[in-house]
Structures are given as structure tokens and as C-alpha cells.
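Enquirer: Okay, here's the structure, questions in a sec.
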Amino acid sequence: MPSNKSVSNAPITQFVNCRILRDHKLQREDLWVREGRILDPEKLFFDEEGYADQRVDCEGLIIAPGFIDVQINGGYGIDFSQATSNVRGGVALVAKKILEHGVTSFLPTLVTSPPNIYHKVLTEVKVHSGGVEGAGVLGCHLEGPFISLEKKGAHPEQYLRSFQLGGMLDLIETYGTLDNVAMVTLAPELPNSEKVVRELTQRGITVSLGHSVANLSQAEEAVQHGASFITHLFNAMLPFHHRDPGIVGLLTSDQVPQDRMVFYGMIADGIHTNSAALRIAHRAHPTGLVLVTDAITAMGLPPGRHTLGQQVIEIQGLHAYVAGTKTLSGSIATMDMCVRHFKQASGCSVEEALEAASLHPAQLLGISHYKGTLDYGADADLVLLDDALNVRATYIAGQEVWRK
Amino acid sequence: MKLIILNDYGQVGEWAAKYIRNKILNFNPGPDRFFNLGLPTGGTPLGCYKKLIEFYKKGEISFKYVKTFNMDEYVGIPRNHPESYHSFMWNNLFKHIDIKSENTHILDGNAANLVEECDSFEEKIKAAGGIDLFVGGIGPDGHIAFNEPGSSLLSRTRVKTLAQDTILANARFFDGDLSKVPTMALTVGVATVMDAREVMILITGVHKAFALYKAIEEGVNHMWTVSAFQQHPQTVFVCDEDATLELRVKTVKYFRGMMHVHNKLRVTKTSGNLQ
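If you read the sequences in order, they're chains D and F.
With the first sequence counted from 1, adding 4 to any position gets you my numbering.
With the second sequence counted from 1, adding 22 to any position gets you my numbering.
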């Protein structure tokens, strides 16, 4: 028999009677987990002569990698862009609640804010693994303030900034620190942006283009310097024009470096993007589509007025507007709603819909070897769904953290 | 020798699986007496394995007290390579049933000392008390396991160089790249299988017809190693219609005529009597 016995006595869980998402297909296979990671059962059998200690009957449900939300501004009354006395408690509350939507990892997102907010929040919100207490924090997404005035959307004008100190100095002065930052959204047409894009990319921080009036060349240049994401495609950018597609043109640009890919966020809540536009984007570049909620404070709350950043917003049904205007200020859809709506609107397969919320965000963040997949060795962050893609149970590191 | 002629591949798989199931049930294995089963790989036994898994899932059989000994394994490819026989057995049988890993035995093609590995395999079979039922297939060149034409009919488990034809036939599993195809394998010998108390050979498809003819209508010959089983006291060949295409009409009519007697060989669970 082969040598090389493993050293672990940790209990092994075998999920049976399920369909798992692996190699881009739903397959009738059991899923094995040990010490919070997906286990290779063939290796276990031949190398360790091991077997499962515990079996979980999934009753025919689908097991997908846990969803990853890279753009979420708050929810349940919590606003990540507010420097309250209990920033950590606020993030933790949202982290716990989004388990119900199948989200196992997320990037708390801050909209354009004054420096004191960034200084306070970024020292409090740290990267940490998820568990029964809530979804894991992979880092913060700083959406602003280095964005375009014309495309500020719901962001407060008075706190917008440019790279007048040359680039990185502006970042440090505004944010205070780049620790625990996973993503920055900026407008590449701002002078000195190339230095910033390169420096951030080098530090392992994902650079996203958004809230911008950049033309396609400016966007392509930014991608060549390292930018790899588009923040909520179509929204807060120039519309597609056939002689200058703008940022939208990145989806089919031939100037993207060979070894890289541009991903793009889509708010598939049925409101922020017309279904036909969603389909155009999806068909043009299906592997780059990343579902995001862009959920705001009011997500999970009843209709009425609530605070987002430094402004007031109003809920009307499934719409959230800047109070007194018709400017959309964010979405109140949950991630599982987005997955279902995306599948229905685009006509894509179940596998594609699930990957848009798990594999693609993991690939975007460069963590797809341990998140967003059910490959052997990956973290056992799972979401169990029925055929209509309703969440029935959520697991983090192999432990059940929510069940319907 | 008994020759069971069935209509198609599906029927062969089902008949063979029922035969194995009934043999195990009648043996009534327990913690102190295991049923030792020799197993093959390849396309032929797949249907049989699927049926065995069905029987297990229906609760008709357990592999808790069954020991398995596979016929062969490639030398030099990683154990978890999709084409290794370890992978084949795991994916097509072991992972679906309740067999314990320590009761499965497959030759290790990556052992430091291949000759020792082969000798040790023979020892393991002996220590287990010998094989109760060895199931095998047949190659188009009449080989059993990797005992290709010219193999001694008295051979034991050993390292074999693969025939050029075999390597070419296998290329399709290695992206058509001949340099990636294994050139050696570890295999049980003809005599190793002959030592089993009972042998069942499965043959399906027209491309095996000539080999079947050579195996049962001509003499015992080392160029068609399966012919050795003409001298085994308890062997059953199970084949489909297509595999009989090179046999004499007389042979086929003779064995067809005995089918109703053969069917009683498949011991029913209730009767428990072996003809």
C-alpha cells in the first residue's frame, strides 16, 4: 500500500445525498470535510485507510461554495461609513445576518467619507475568518473619495478628492492606513492615478474603476497598470457609445494583458440594471461577471428614511433613492435574491449563476485556491440550496452557521 | 467450463453482479471469515460494478467482510492519476459501497522495489486464505490481466512490459500523447488466477469474439493466455451475443441448450443450495 499516512485525528464529515458544484458542473458526489477544509476522499481511503466520522444527509440539495460579496455598504440599520461608537459591533451584526443569504465572506464597503471616518473605521475593521459569529471579513472596499464629480451618484460632493499630492500621499492622508484594505474604487481619469493604480496593485489591493467619466483608452491604461475590476457596471460611468464604449468597452477590449482578466460587478436586483443590459454584458464576457449586492443600511429594514454615509436615503418598495431625488443610492436586495434574479434574467445555467457569486469574486481577489471553490484543500465555506436557489443552510469552515 | 450467453452488455453486467452477490451471501462472511474477491478494471466490468452498487444501495449486500484483490496496476503513474487503476476502483466501486480500505488490495506501481511488491501481493493472497472468486476480463489478444501473448501459463505476480498494441490502445486516455502512456505494469500471473477456487471471465463485444474462440475452442496456448482456464475445475465465461460471432454454431447451440441448467447455478437467496 502507498506510504505517507496523514497526521490528523480530527473528525471527518461526509455530506451525502447532494449535488456539488465542481469543475463548473453540478455533480452527484459526496463532499468530505476535515479541519475546516475540503478533503480528498480517495487520498483518505488509500493513504490513511480512513472513513467518515459523521454523515450529513443533504436530502438532494445543491452544495455550492459560500457566496462572496465584494460590495456591501451595510444593512439592518448598520452603515459601515458611519463612525459610531461600536464599529466592530456593527460589522459583526451584518456579518451574522448575511449568513442567511448564503454569504460566507465579504468586503465591508465605505462610500466617499471625510478622513476622520476612514481613520476610525479602518483601524477597527480587521481581516478575519468567519464562523458561527458571522461571515468572514476579507478586507474593506473603499469606494471613493478619488472619484469623478460628474458621476458621484449618491456620494457626498464635499468629500470628493483628487491626487493633488501626487498619489500615494493623498491615499495615506485620506485613509490613514492601507492595512485591512482589499479593494479601492477610483476614477482613472484623475491626474496621477497611474502611480496609485500601480502602487495599490503591487500591495495586493484590487483596483476597481468606477464613478468615472473615463473613456476606453483611459480605462485600458488603468487596466494595464493593474486595475482588474469595474464597480457596478453601467452605473456611475459614461454610457456605452459605439465610437467610444468607455469603461463598458473593457468587457471586450483587446488591450487587456494576456495573463489577466477584467472582472465587473453587477447589481442584479432588477432595478439597477435593465435585464437586456445585463444580458449584453453577460454574453459579451460571461466569465468576468461578479454579482454584488451594493446593499445599503436599509437592507433588511422596513420602508422609510435611513442614513447612508453623510446623506439621507428613502426606501420605496424595492427601490432606495437619495431622499428627495430619483438618484438610486444603492440596493436592498440580498445576495441570494441577486443570484436568483441573475439566473432568471440572463437565462444562464445554475452553475454559472452560482459561480458569479462565488468563484468569480474569489478569482477577482486572487484567493480562488482556497475560497469560492469546492476543490480539495479549499476552505469548507458552503451554501446549501434547493433547486430554486433558495438558501437552506450555510457552513463556514465545515461548521453549520445557519439553517433555515 | 460453463459458457453463459446473454443478449447484451447490460445483461452480462447484471448476471455477473447477481452471481457475485449470491456467492457472497451464501458464503455468509463474518469478522473471522472474509470472502476474497479478485477484481478487474476496464470497460467490461463497469456494468457489473454499477449493478453491485445498486444491490448495495438496496441493502441486498454488504462488503464489510469482503476482501478485494485487483489484478493489475500501471507502473510509474501517480496513484491519483485519473487513469490509474486505483482511481478506477475508487470512482467505479469503492466510494459507493461499504468496503474498508484495509480490505482492498491493489498493486502499488510506485513501490520502491517492484519485485518485492509483487511477491508481497502473492503473500497477502496466501495470508487471506486464497481467492474465493476471481473475476476477470479478456483482451482482444486473449490476455488475462496483463498476461499478454507469450506469458508463461505458470506465471505469478510480476512486472510486465506492455505490448505495443496495448500502449497504442491506451494512448486515448493520455491525451493521445504516446510519451505519457505507461510502458510497464504489475500484474497477477496466469497461475495466480488459476489458484482461485472459482473464476468468472466476462467477455462482451465483437472485438473480443476472436479471442473467445481461441480461448475455448482451440487448445491451451500461451499466445492466448485465457485458454489456461480450460484446465481450471470451476470456471464460468459470461458473454454477450456479439462475443460469440467467431464460435462454431454448434458450440453456441450446445451452451445455449444448457442455459436452463446453468441458471440454477445462480443460487437463489432463499434456497441456499449450490448445484
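Think of the CB as a built atom: it goes at the ideal place given N, C-alpha and C, for glycine as much as any other residue.
Since the structure is predicted, the reported quantities are computational estimates derived from the model, not experimental observations.
#1: Can you list, in chain order, the residues of its chain with a C-beta nearer than 7 angstroms to that of residue 154 (chain D)? Leave out the 5 residues immediately preceding and following it.
#2: Kindly indicate which three-state DSSP category residue 222 (chain D) falls into: helix, strand or coil?
#3: Can you say whether residue 248 (chain D) is buried or exposed, counting buried as having 16 or more other CB atoms within 10 angstroms of its CB?
#4: In chain order, what are the residue ranges of uninterrupted beta strand (DSSP E) at least 3 long that sit wholly in the stretch 191 to 217 of chain D?
#5: With DSSP collapsed to three states, give me the class of residue 410 (chain D).
#6: Under 7 angstroms between beta-carbons, which chain D residues line up against residue 124 (chain F)? List them in chain order, please.
#7: My parser needs the alpha helix (DSSP H) runs of 4 or more residues fully inside the stretch 34 to 86 of chain F; what are they?
#8: With a threshold of 8 angstroms, are at least 3 pairs of Cβ atoms found where one atom belongs to the stretch 156 to 172 of chain F and the other to the stretch 221 to 236 of chain F?
#9: Where do the N-terminal and C-terminal ends of the alpha helix (DSSP H) with residue 98 (chain D) fall, by residue?
#10: Measure the beta-carbon distance from residue 142 (chain D) to residue 186 (chain D) and round it to whole angstroms, keeping in mind my assumption that it falls under 8 angstroms.
#11: Mapping the DSSP letters down to three states, classify residue 266 (chain F) as helix, strand or coil.
#12: Is residue 112 (chain F) close to chain D, meaning its C-beta is less than 8 angstroms from at least one C-beta of that chain?
#13: Below 8 angstroms, can you find three or more Cβ-Cβ pairs linking the stretch 65 to 81 of chain D to the stretch 102 to 112 of chain D?
#14: Indicate whether at least one CB of chain D lies closer than 8 angstroms to the CB of residue 27 (chain F).
#15: Over what stretch of residues does the beta strand (DSSP E) that includes residue 324 (chain D) continue unbroken?
#16: If distances are taken between C-alpha atoms only, which option among F:185, F:140, F:49, F:67 comes closest to residue 94 (chain F)?
#17: Counting only beta-carbon separations shorter than 8 angstroms, does residue 117 (chain F) have a partner in chain D?
#18: Nearest-angstrom Cα distance between residue 132 (chain D) and residue 205 (chain D)?
#19: Quick one: using the 10 Å Cβ neighbour count with 16 as the cut-off for buried, is residue 381 (chain D) buried or exposed?
#20: For residue 101 (chain F), return the contacting residues in chain D, with the cut-off set at a CB-CB distance below 9 angstroms.
#21: What residue range is occupied by the uninterrupted alpha helix (DSSP H) comprising residue 312 (chain F)?
#22: Going by alpha carbons, who is nearest to residue 75 (chain F) out of F:65, F:98, F:35?
#23: Can you give me the Cβ contacts of residue 114 (chain F) inside the same chain, cut-off strictly under 7 angstroms, excluding the 5 residues immediately before and after it?
#24: In terms of residues, what are the limits of the alpha helix (DSSP H) holding residue 246 (chain F)?
#25: Using a Cβ distance threshold of 8 angstroms, determine whether the stretch 83 to 101 of chain F contacts the stretch 204 to 216 of chain F, with at least three qualifying pairs required.
#26: Beta carbon of residue 343 (chain D), beta carbon of residue 388 (chain D): below 8 angstroms?
#27: Any beta carbon of chain D sitting closer than 8 angstroms to that of residue 84 (chain F)?
#28: With 8 angstroms set as the bound, which would you pick, yes or no: does the beta-carbon of residue 109 (chain F) sit closer than that to a beta-carbon of chain D?
#29: Under the assumption that residue 335 (chain D) contacts residue 366 (chain D) (Cβ atoms under 8 angstroms), give the Cβ distance between them as a whole number of angstroms.
#30: Put residue 260 (chain D) into one of helix, strand or coil per three-state DSSP.
#31: Taking Cβ to Cβ, would you say residue 241 (chain D) is nearer than 8 angstroms to residue 295 (chain D)?
#32: Looking only at DSSP bridge pairs, what is residue 183 (chain F) linked to?
#33: Beta-carbon within less than 6 angstroms of residue 7 (chain D)'s beta-carbon, same chain only, minus the 5 sequence neighbours each way: which residues are those?
#34: Contact between the stretch 167 to 179 of chain F and the stretch 245 to 254 of chain F: three or more CB pairs below 8 angstroms?
#35: Just reading off the alpha helix (DSSP H) that residue 179 (chain D) is part of, what are its end residues?
#36: Among all the DSSP beta bridges, which residues are the ones paired with residue 78 (chain D)?
Expert: Concretely, from the data shown:
#1: 217
#2: helix
#3: exposed
#4: 210 to 213
#5: Because chain D here runs from 5 to 408, residue 410 (chain D) falls outside it and cannot be looked at.
#6: 53
#7: 68 to 79
#8: yes
#9: 91 to 101
#10: 5 angstroms
#11: helix
#12: yes
#13: yes
#14: no
#15: 323 to 326
#16: F:140
#17: yes
#18: 21 angstroms
#19: exposed
#20: 6, 46, 47, 50, 51
#21: Absent from the structure is residue 312 (chain F), since the part of chain F shown begins at 23 and ends at 297.
#22: F:35
#23: 68, 71
#24: Careful: residue 246 (chain F) lies outside any alpha helix (DSSP H) and carries neither H nor E.
#25: yes
#26: no
#27: no
#28: yes
#29: No, residue 335 (chain D) and residue 366 (chain D) are not in contact; Cβ-Cβ is about 22 angstroms, not under 8 angstroms.
#30: coil
#31: no
#32: F:206
#33: Any reading at residue 7 (chain D) must be qualified, since the residue scores a pLDDT of 30, below 50, and its modelled position is unreliable; no value is offered.
#34: yes
#35: 172 to 179
#36: D:83
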